[in-house]
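**Q** Numbering (this note's numbering), first residue to last: 5 to 146. Yeah, the Cβ is synthetic: ideal placement off N, Cα and C, and Gly gets one too.
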Amino acid sequence: MNRIVKYGLITISILIIGLLVAYGIFLNNFDLFGEPEKEILQTNCDYEGLRQATIFEYGGNAVTIPSIIVSIDLGCSDNPDDSKKKTVFSAEHTGRTTVETEWTSFDTLKIIYSDRLEPITQLDKVTFSDSTLNVMIDYETK
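(1) Got a sec, what are the start and stop residues for the beta strand (DSSP E) serine 17 sits in?
(2) Applying the criterion that 16 or more other CB atoms from any shown protein chain within 10 Å of the CB defines a buried residue, is alanine 95 buried or exposed?
(3) What is the DSSP secondary structure of serine 135, counted as helix, strand or coil?
(4) Between threonine 105 and leucine 113, what straight-line distance do the alpha-carbon atoms span, to the nearest angstrom?
(5) Taking the C-alpha atoms as reference points, what is the distance between lysine 10 and glutamate 41?
(6) Short of 7 Å in beta carbon distance, which residues of its chain neighbour cysteine 80, apart from the five on each side in sequence? Order them along the chain.
(7) Hey, leucine 45 and isoleucine 59: beta-carbon distance below 8 Å or not?
(8) To which residues does DSSP link tyrosine 143 through a beta bridge?
(9) Report the rounded CA-to-CA distance for isoleucine 116 versus valine 139, giving the unit in angstroms.
(10) Using a Cβ-Cβ cutoff of less than 7 Å, which residues in the same chain neighbour glutamate 144 once the five nearest sequence positions on both sides are dropped?
(11) Would you say isoleucine 73 and threonine 91 are within 8 Å of each other, going by their C-beta atoms?
(12) Quick test of your reading: leucine 125 and phenylalanine 93, contact by CB under 8 Å. State the CB separation rounded to the nearest angstrom.
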């Protein structure tokens, strides 16, 4: 009987150690609430370089969905400032969906998006403190 208890305790201790190692590996590799990866797909400045339309792709994690976002920033730079951007269009990114931006006039931005996207946010106008910088937004599906 002592031999069965001895082998039983050894087996249970090996299982517990194995579970602890597996749990440690799981916690190191799985990022539950981490920041989703952000990738800039396209930047497009207006004719005068006063405003910039930027298309971002955000990866999802355990609590967020992958999304594609169009924002407008003041100024024209390679690294738009996240605190100053105004999101005008967002949708769940489902793979081979496309979004394009085009400045059709000084104060009009056209957003062309795939008909497979279902928009979450879709603004028609963006207002800034300087009213000469306001932007009208037209949408087109393809």
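**A** The structure says:
(1) Per DSSP, serine 17 belongs to no beta strand (DSSP E); it is in the alpha helix (DSSP H), 6–33.
(2) Result: buried.
(3) Serine 135 falls in the helix class under three-state DSSP.
(4) 7 Å
(5) 50 Å
(6) So the list reads Cys49, Gly53, Gln56, once near-sequence residues are dropped.
(7) yes
(8) Ile115
(9) Going by C-alpha positions, isoleucine 116 is about 16 Å away from valine 139.
(10) Lys114, Ile116
(11) yes
(12) The question names leucine, but residue 125 is threonine in the sequence shown. Sure, about 6 Å apart at Cβ, within 8 Å.
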